[in-house]
Ligand code: SAH
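Below is the structure:
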């Protein structure tokens with residue numbers, strides 16, 4: 025698997041017909057925090073701009089490298105997989121994905137070496153149908169129906185975060201191994217027998233039927249998957265309890 029930064033270079037965030045330069049700056053910051061650097065601007069209303077620089081904070085390098093295009097097709101040049109982010113279901117025949125599903129598909133494309141575009145629309149009007157038609161699937165952040173539209177830069181942040189999470193998921197370390205393998209069934213059985221005997225010896229059941237409690241205790245210890253060393257400690261505890269019980273009986 026390629027290095028995360030190399031993989032991130034295959035991704036571009038495309039902002040289409042953005043009205044407010046502040047949103048471009050905030051979007052630059054949002055993608056930079058998630059390890060992405062490539063921003064493509066399609067027909068922005070106002071760029072470059074001091075407001076964009078101010079909101080980009082330490083991500084101004086993303087703005088400095090951002091390219092401005094006349095059309096979305098230019099902004100998508102070289103990308104073979106594009107996801108269009110939209111708050112509303114449009115009259116286009118596109119698969120609708122959650123950000124997580126979209127990020128997984130985008131990662132799969134990038135892992136094959138393809139360039140990926142994540143495309144965001146204008147603040148007021150969103151992506152037009154012809155713009156969505158250039159995408160391979162639509163991603164809708166599952167906001168509430170009666171107020172579905174996020175701020176543009178916040179939508180960029182959500183998608184960039186999901187994309188990073190998907191990328192980290194692949195690189196995640198394997199869960200820690202046990203120091204020792206869990207004890208086998210025969211060892212567990214000996215432990216349960218010792219446990220049952222001890223509960224009798226300490227008169228735990230007080231005339232109640234032991235079946236249910238033994239089943240519950242079995243479930244508890246099975247879930248813990250103790251190894252042999254841990255079972256030896258538990259046997260030791262039980263043996264001491266038995267010894268104490270026999271002393272009090274004398
Ligand atoms: N009324 C517009 C909202 C524009 S918000 C619309 O219906 O799409 C500006 C951009 O932010 C959108 O074009 C989209 O790319 C992104 N966005 C905002 N809310 C979103 C959501 N719930 N799901 C996906 N993208 C969203």
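Residue numbers (the working numbering): 25 to 274.
Glycine included, each C-beta is placed from N, C-alpha and C at the ideal position.
- Between the alpha carbons of residue 191 and residue 173 lies a distance of about 26 Å.
- Separation of the CB atoms of residue 226 and residue 265 is rounded to 6 Å, and the pair is thereby assigned contact status at 8 Å.
- With at least 16 other beta carbons inside 10 angstroms of its own, residue 42 counts as buried.
- Secondary structure of residue 102 (DSSP, three-state): coil.
- Setting aside the 5 residues that flank it on each side, residue 259 is surrounded in the same chain by 215 and 218, each with a C-beta closer than 7 Å to its C-beta; the list follows chain order.
- One Cα belongs to residue 57, the other to residue 80, and the distance between them is close to 11 Å.
- With a beta-carbon spacing of about 7 Å, residue 47 and residue 147 fall inside the 8 Å limit used to define contacts.
- Residue pairing by DSSP places residue 37 opposite 63 and 142 in a beta bridge.
- Sixteen is the threshold: since fewer than 16 other Cβ atoms of the shown chains lie within 10 Å of the Cβ of residue 205, the residue is exposed.
- As DSSP reads the structure, residue 108 sits in a beta bridge with 143 and 162.
- In the three-state reduction of the DSSP assignment, residue 150 falls in the strand class.
- Ranking 247, 166, 255 and 269 by CA distance to the CA of residue 210 puts 255 first.
- CA-CA distance, residue 261 to residue 193, rounds to 41 Å.
- In this structure, the straight-line span from the alpha carbon of residue 188 to that of residue 86 is close to 17 Å.
- The way I'd put it, the stretch 69 to 79 doesn't touch the stretch 99 to 116; fewer than three beta-carbon pairs between them come closer than 8 Å.
- Restricting attention to 38, 92 and 166, the CA atom closest to the CA of residue 177 is found in 38.
- If you keep only unbroken alpha helix (DSSP H) runs of at least 4 residues inside the stretch 181 to 257, you get 209 to 225 and 235 to 248.
- Contact between the stretch 59 to 66 and the stretch 95 to 105 is present: 3 or more CB-CB pairs across the two stretches fall below 8 Å.
- For residue 86, the enclosing alpha helix (DSSP H) covers residues 84 to 89.
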